[in-house]
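Notes for the one structure printed next.
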Amino acid sequence: MDPRAEHAAVEGPIDILLVEDDLPTLERLRDALDAAGEFVVTSVATLAEAMAKLDAGMPRILLTDLQLPDGHGIELIRRVRRASPGTDIMVISILGDEESVIAAITAGATGYLLKDAVPTDVAATVRELAQGHSPISASIARYIVRRTQASGQAHAEAERRPALNTAKLTAREIDILWGIAKGFSYADIAEHLGLSRQTVPGHIKNIYRKLEVNTRGEAVFEAVQQGLIRL
Amino acid sequence: MNEPAGRAAPLSGRRHEKPSALWRRIGLFAVLQLLVVVTCLLLMQQAPPTPPAAYAIRSATLVANGESTQVSLPFLLHSTFTMADPPVFESSFQYHPDSAGTPWAIMLPRFANAVEVRINGQNVLDTRLDPVANRQLQNPSVIATIPDTMLREGRNDLSMRLYVWGPLRGYLDRVFIGPRAELSPAYRLRNFLFSTLPLIFKAWQAILALILGIMWLNRRHDVAYGVLGLTMVVGVLQGLAMTPLTTGVPASLDALLAATMPLEAALMFIFLVLFFHCPLPRWTPLLFLPSLVMLISAIPGDPALVRWVYALVGVSAGGLFMVLCLFFLARITLQRGDIVSLTLSCAITALVTAWGYDLLVATDILGHGRIFLSRLSYSFLLVAIGAGLTWRFAHALNEVDNFASRMVELVGEAEEKVRASFAREEERSRAMTLAAERSRLTRDLHDGLGGQLMSIVALSEREAGGERINQAARAALRELRLVIDAMDDMGGDLLLALGSWRERAQAQLRSHDIQLDWQAEQQGLPLHPELRPWHVIQIVRILDEAITNAARHSGAGRVRVRVGSGRPDGPEASGSGGWISISDDGRGAAPPPDLRVPVRKGRGLANMRARATMCGASLDIVIGGSGASVRLDLPATFPATPLAEPAVAASS
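So, in C-alpha cells, the structure goes:
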C-alpha cells in the first residue's frame with residue numbers, strides 16, 4: 001500500500017542525494033551524515049548536477065536546498081516525487097520558514113532539515129525519515145492548522161498564501177497538528193486524543209500525503225515560475 | 232399633503248361586499264345631520280340680548296305718506312324704498328333725573344336700514360353717518376347718550392326717521408331709553424357678538440389666508456391650500472366692504488364687495504373637491520356664473536341694482552352651492568367613511584341651516600329680532616377649516632421630522648456598521664500587511680542574514696577554538712527565528728509561540744547534553760486576544776534567558792518546563808492569565824566555576840525582570856541549593872503599551 005514504507009524495510013546503506021550550494025553547509029551536513037555511518041551521501045551544489053545524478057538513478061532520500069544558483073529545488077522535488085514515489089524528500093531550510101517549507105510539502109517533500117541543526121540531530125532526523133517518520137515542526141503545524149481555520153471563513157489573508165488544500169484532513173489529524181503546534185509531545189498528544197503513541201507518526205505522514213498536490217502540482221509550479229509564490 | 236381621506240380604499244369593492252355597512256353609514260350620516268339642524272334651530276331660539284323691558288318703547292305713531300297710524304314695535308315697514316321721504320316714528324317717554332345726574336341713553340338694538348333719532352326736536356343719532364351701522368347683514372345695534380340739556384323733566388318727544396333701501400324691507404325693533412348703565416350691557420354683548428367677533432374672525436381669516444398662501448407658494452401641487460387661502464381673502468375683503476348711500480361705480484363696487492357669497496361658496500366647493508383628491512367636475516366654471524352676473528350688475532353704477540341682483544341671484548346661488556358642497560361631502564362620507572368629510576358635512580349642514588334661517592328672516596317670514604346668522608357662521612367655519620388644515624400641516628411636519636430622525640438613526644446605524652466593517656477590514660489588512668511583511672522579512676533573512684550566519688556556524692565548527700563564535704552565531708540565528716516567529720498571527724494563543732520555542736530550546740539544550748522535560752496542561756494557556764508580537768518576543772526572551780542560564784551555568788542535566796492556567800503546585804498564581812515555570816536540577820546558588828558568570832547572570836536576571844514588567848507579568852526567581860527556578864505569571868490582560876519599570880514590584 002505504501003511504497004515508501006516498503007523502502008524503509010530494505011536493509012543496507014541508505015543512499016542520499018544532498019543538494020546544497022553553500023559549501024560550508026554542504027560539508028557540514030555531509031560530515032554529519034557520514035559520521036552516522038549508515039548513509040551513502042552524494043553531494044552536489046547545483047540543480048543541473050542534481051538533475052544529472054537523477055538521470056543515473058533515483059536516491060532513497062533527497063535532501064535539497066530550495067535556493068540553488070541555477071534554479072529552484074522544488075523542480076527537483078517534483079521530478080523525484082513523480083519518478084520515484086518511494087523516495088523520501090527533505091528540504092534544507094535555514095529558518096524553517098513556513099512558506100517555502102509548505103510549498104515543498106505540496107510538491108511532495110515530507111519534512112525539512114534546519115541547516116544549523118547539530119550533527120547528531122541531522123543524522124537522527126534523516127534516520128527517522130528513512131524509518132517512515134516524517135518530522136513536522138510546531139511552526140509548520142501551526143501554519144497548517146491556521147489555514148484550516150482560515151479556509152472555513154474565506155480569510156482574505158489566505159488568498160495570497162501558497163495554495164494549500166486542507167480540506168482532506170480529518171478532524172483527528174487537525175487535532176494532532178494543534179497538539180504539535182502547541183509543543184505537546186507525541187506521547188501527550190496520543191494520551192489526549194486516546195491514541196496509541198506509535199500511531200502518531202503515521203498520522204503525520206498521512207497529513208503530509210494529503211497536503212501533497214498531485215493534480216495541482218503543475219499549478220503550483222506555474223505559480224512559482226510566475227513569481228506568484230516566491231521560494 | 233398626505234391626506235388620509237384621499238388614500239382611503241375605494242368604496243366600490245366594499246359596497247358590494249358589505250351593503251349593511253353602507254346603510255349604516257347612510258343612517259349615521261342622516262342622524263348626525265338631523266342632530267346638527269335641531270341643535271342649530273335650538274340655538275336660534277335663543278333671544279338676542281336685550282336691555283330690561285322697563286325701558287322699552289313699544290309703540291309709536293308712524294307718520295308716512297302724510298298719514299299717521301298707531302303702530303307697535305317691532306314694526307316691519309311695508310314699503311321697501313323710502314330714502315327720499317322717510318317714514319317717521321313719533322313717540323314720547325318720561326324723564327325723571329335723579330340726584331346723581333345719571334346720564335341717559337337711547338339704544339336701538341335693531342333697525343333697517345338707517346335711522347335718525349331726534350329728541351325734543353334735537354338730533355341725537357344718525358346711523359347713516361356710521362358705515363358699520365349700515366351693514367344690515369351684520370345685525371348692527373346703536374347706542375347714544377342723550378345730553379342732559381336736551382332732556383326735560385317729565386314728558387319728552389322722540390322722533391325716529393327710518394331710511395330704507397332695498398331690497399329688504401324697513402324694520403324697527405323696540406327702542407330703549409333709560410339710564411345708560413342699564414342699557415350698556417345688552418349693547419356691549421350685541422356689539423361683541425355681531426361686530427367684534429366677526430372682526431376677530433376676519434383677522435384670523437387674514438392670518439390663515441397668509442399662512443395657506445405661503446404653504447401653497449411652497450407647495451404648488453397642493454392647490455387646495457391656494458383655493459382655501461383665496462376663499463379667505465375674499466371673506467376678508469367682504470368684511471371690509473362699506474355700505475354706500477350714494478350712487479355711482481365706486482358705490483356699486485362697494486356693494487359688489489358685500490355680495491361675495493356666491494364666489495365664496497363656489498371656491499368652497501372647489502376646495503372640498505381638491506381637498507378630497509377628486510377630479511373637478513367639467514361644469515366647475517359654471518359655478519362662477521352667479522359671480523359674473525354680480526359683476527355685470529355693478530357696471531351701471533347703481534348699488535341698488537347690485538343689491539337686488541345679489542338678493543335674487545347671489546344669495547340663492549350661494550345657498551345652492553352650499554347644498555352642493557353638502558351633497559359632495561355626503562358622497563365622500565358614504566364612499567370612504569372617513570371622519571374628516573363627516574365633520575365637514577356637519578359644519579356645512581349648520582351653515583345651510585343658518586342660510587335657510589336668514590332667508591326666512593329676510594323674507595319676513597321669521598321675525599325674531601331680525602338677526603342674520605349665516606355670515607357669522609360662515610366666518611367661523613372658515614376659521615375652523617383653516618385652523619384644522621394648519622394643524623394637519625404641522626402634524627405632517629412632525630411626521631416628516633419623525634421620518635427624518637428615523638432616517639438619521641438608520642443612517643447612523645449603517646454608518647456604524649460601515650465603520651465597524653471598515654475597522655475590521657483595516658484590522659484584516661493590518662494582519663495581512665504584517666503577514667506579508669513577515670514573509671518578506673523571512674525571505675530576506677533566509678536568503679541573506681540567515682545564510683551568512685549559517686556559514687559562520689558551519690565554518691566555526693571546522694575551526695579549532697571556534698566554539699564561541701559558533702555559539703554566538705547560533706544565538707543570532709535563534710534570535711532571528713524568535714523575531715520572525717513572534718510576528719506570526721497566534722490568534723492570541725501564546726502556547727502556539729511556545730510550541731516553536733520548545734523546539735529551539737530543545738535543540739539548544741541538546742547541544743549541551745541537557746534534557747528538556749516539557750509538560751503543558753492539557754487546556755494550555757488562557758487565550759489573550761490582545762497578545763501582540765512584542766509581548767511574545769519579551770516572554771520568549773525571558774524563557775530564552777532562563778534556558779541559557781541553565782545551559783551555561785547550572786551544570787544541570789535536566790530542565791523542567793511547565794505551562795498551565797490553573798493553580799500550580801508552586802507559589803500562588805497572581806493573575807488568571809496563566810503561568811510558565813522553568814526549573815533545573817543544577818547547582819543553583821552554589822558558586823559556578825566560571826568567575827565571569829555572576830556578573831552576566833546578574834545582568835540577565837535584571838533584564839528578565841524588566842521584560843516581565845513591560846508585559847505586566849510577574850517574575851519569581853528562586854535560586855536554591857537544588858537548582859534555579861523561574862516562574863512567570865502572565866497578566867489577565869496584556870498591556871497595549873510597555874509598562875514602566877516600577878509598575879510591578881517583583882520580589883526575589
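Sequence lines, in order, name chains B and F.
Each residue of the first sequence is one higher than the one before, counting from 1 in the working numbering.
Each residue of the second sequence is one higher than the one before, counting from 232 in the working numbering.
The C-beta atom is built at its ideal place from N, Cα and C for all residues, glycine as well.
For A542/F and A287/F, the rounded distance between their alpha carbons: 32 Å
Would you identify the three-state DSSP class for G679/F, choosing helix, strand or coil? helix
Taking all protein chains shown into account, decide if E664/F is buried (16 or more other Cβ within 10 angstroms of its Cβ) or exposed. Rather than Glu, the amino acid found at residue 664/F in this sequence is Thr. It is exposed - the Cβ of T664/F has fewer than 16 other Cβ atoms within 10 Å.
What are the partner residues of T584/F, as DSSP defines its beta bridges? Answer is none; T584/F lacks a bridge partner.
Hey, quick one: how far does the beta strand (DSSP E) through V40/B stretch, first residue to last? 39-44
Would G682/F and I144/B be called neighbours here (beta carbons separated by less than 9 Å)? no
Step through the CB atoms of chain B and report whether any lies within less than 9 Å of the CB of D775/F. no
Give the DSSP-derived three-state secondary structure of R712/F in the structure shown. helix
Proximity winner among V363/F, T580/F, M338/F, relative to C271/F (alpha-carbon distances): T580/F
Tell me, please, which residues DSSP counts as bridged to G855/F. G858/F
Run down chain F in chain order and give the residues with a C-beta less than 9 Å from the C-beta of S196/B. Here the premise fails: no neighbours, minimum Cβ distance about 18 Å.
Taking 9 Å as the threshold (C-beta atoms), are G332/F and D379/F in contact? yes
Go ahead and label P340/F buried or exposed: buried means 16 or more other beta carbons lie within 10 angstroms of its beta carbon, across all protein chains shown. buried
What residues of chain F sit near V118/B, judged by a beta carbon separation below 8 Å? A738, R741, S742
Kindly give me the distance between the Cβ atoms of V480/F and G532/F, rounded to whole angstroms, as I take these residues to be in contact under 8 Å. 4 Å
Residue nearest to P306/F in terms of C-alpha spacing, selected from L597/F, I687/F, M718/F: Residue identity check: residue 306/F is Phe in the sequence provided, not Pro. Ranking the options by Cα distance to F306/F, first place goes to L597/F.
F407/F: first and last residue of the uninterrupted beta strand (DSSP E) it sits in: 406-410
Three-way DSSP call (helix, strand, coil) for I136/B in this model: coil
Three-pair Cβ contact test at 8 Å for the stretch 566-577 of chain F versus the stretch 521-538 of chain F: no
Three or more C-beta pairs closer than 8 Å, one from the stretch 700-707 of chain F and one from the stretch 717-733 of chain F: is that the case here? no
Applying the criterion that 16 or more other CB atoms from any shown protein chain within 10 Å of the CB defines a buried residue, is M499/F buried or exposed? buried
Does the beta-carbon distance from V464/F to M391/F come in below 9 Å? no
Please report the residue range of the beta strand (DSSP E) in which Q198/B lies. From DSSP, Q198/B is part of no beta strand (DSSP E); its letter is neither H nor E.
Under the three-state DSSP convention, the category Q264/F falls into: helix
Which stretch, first to last residue, makes up the beta strand (DSSP E) that contains N971/F? As shown, chain F starts at 232 and ends at 883. That puts residue 971/F outside it, with no answer to give.
Could you list which residues in chain B have their beta carbon closer than 9 Å to that of R842/F, in chain order? The contacting residues do not exist; R842/F stays about 21 Å from chain B at best.
Beta-carbon gap between A781/F and V767/F smaller than 9 Å: no
Using a Cβ cut-off of 9 Å (strictly closer), state whether Q67/B contacts chain F. yes
Verify whether the separation of the beta carbon atoms of G808/F and A867/F is less than 9 Å. yes
Could you pull the start and end residues of the beta strand (DSSP E) that F552/F belongs to? Looking at the DSSP string, F552/F is not in any beta strand (DSSP E); the run it does join, the alpha helix (DSSP H), is 546-567.
Could you tell me which chain F residues have their CB closer than 7 Å to the CB of P59/B, listed as they occur along the chain? The contacting residues do not exist; P59/B stays about 23 Å from chain F at best.
In whole angstroms, what separates the C-alpha of P24/B from that of L690/F? 6 Å
Do the stretch 320-332 of chain F and the stretch 353-360 of chain F make contact, defined as three or more Cβ pairs closer than 8 Å? no
Would you be able to state if there are at least three C-beta pairs under 8 Å between the stretch 166-176 of chain B and the stretch 188-196 of chain B? yes
Could you tell me whether the Cβ atoms of L211/B and T106/B are closer together than 9 Å? yes
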